[in-house]
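*Asks:* Residue numbers (my numbering): 145 to 370.
We put the beta carbon where it would ideally sit given N, CA and C, even for glycine.
For clarity, every value in this text was computed on a predicted model and none was experimentally measured.
Below is a structure I'd like to ask you about.
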Ligand code: FPP
């Protein structure tokens with residue numbers, strides 16, 4: 145029987161190199177990356193099996209980038225969410241976030257909350273953006289939450305107190321030729337199949353995603369069994 149793909153996660157990498165190769169500013173690479181986010185998300189919403197798409201949009205380490213680039217990413221994010229709301233409604237996409245939103249501006253947090261509320265009944269796909277996200281940080285925050293309510297740490301209780309209750313990831317893709325997890329979804333990736341492609345994120349296409357999914361279907365997933 146072929147594998148079911150319910151939860152897909154992607155580390156979107158290579159925007160900067162894509163821009164550099166074209167003699168453009170890095171910010172242009174991020175702008176082009178937004179178009180790919182839209183294309184891939186809308187394809188996933190039409191896919192019969194995919195229920196959740198989690199995208200690594202801003203890591204806890206990304207604050208180390210030059211302030212101008214960080215500010216631009218925040219601006220892009222706010223613009224993307226504002227523009228995306230009608231498209232989320234049209235394609236039945238529910239928007240969610242994971243990560244620690246406390247360092248973000250009030251303006252950005254407001255649009256995040258507004259988008260979550262507006263799209264909460266959509267059922268074709270849940271798109272989760274990881275923002276100021278770190279896998280270790282998420283686990284620590286989960287343990288703090290469960291200790292605050294007096295629960296014993298266990299696999300179930302830690303899972304239940306993660307940022308949003310979601311399924312384990314079936315397939316993780318990282319673009320741009322890097323083969324690392326970079327602190328993404330550490331808890332949820334325990335049994336995930338991994339796929340790496342050399343394409344930079346702005347060049348990543350629906351056709352390439354389809355072919356990665358085909359390969360994934362042929363893999364044997366054992367979950368520790370034989
Ligand atoms: C990696 O490229 C990508 C990111 C730092 C974040 C991803 C951001 C986007 C796709 C655009 C904004 C997203 C939304 C949803 C509005 P990189 O800069 O690390 O590339 P490099 O490794 O080639 O320098």
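Where do the ends of the alpha helix (DSSP H) carrying residue 305 lie?
*Replies:* From DSSP, residue 305 is part of no alpha helix (DSSP H); its letter is neither H nor E.
*Asks:* Return yes when the Cβ of residue 279 is within less than 8 Å of the Cβ of residue 331, no when it is not.
*Replies:* yes
*Asks:* With H, G and I counted as helix, E and B as strand and the rest as coil, what does DSSP make of residue 190?
*Replies:* DSSP places residue 190 in helix when its eight states are reduced to three.
*Asks:* Express the C-alpha separation of residue 159 and residue 210 in angstroms, rounding to a whole number.
*Replies:* 15 Å
*Asks:* Is the beta carbon of residue 183 within less than 7 Å of some heavy atom of the ligand FPP?
*Replies:* With a cut-off of 7 Å, the C-beta of residue 183 is classified as distant from the ligand FPP, since no heavy atom of the ligand falls inside that distance.
*Asks:* Less than 7 Å between the CB of residue 201 and some heavy atom of the ligand FPP, yes or no?
*Replies:* yes
*Asks:* Does residue 207 pass the burial test, meaning 16 or more other C-beta atoms within 10 Å, or should it be called exposed?
*Replies:* exposed
*Asks:* To the nearest angstrom, how far is the alpha carbon of residue 164 from that of residue 247?
*Replies:* Residue 164 and residue 247: Cα-Cα distance of roughly 29 Å.
*Asks:* Per DSSP, residue 241 forms a beta bridge with which residues?
*Replies:* 273
*Asks:* Quick check: residue 314 and residue 147, are their CB atoms within less than 8 Å of each other?
*Replies:* yes
*Asks:* How many Å lie between residue 225 and residue 303 at the Cα?
*Replies:* 28 Å
*Asks:* For the alpha helix (DSSP H) containing residue 353, name the first residue and the last one.
*Replies:* 350-362
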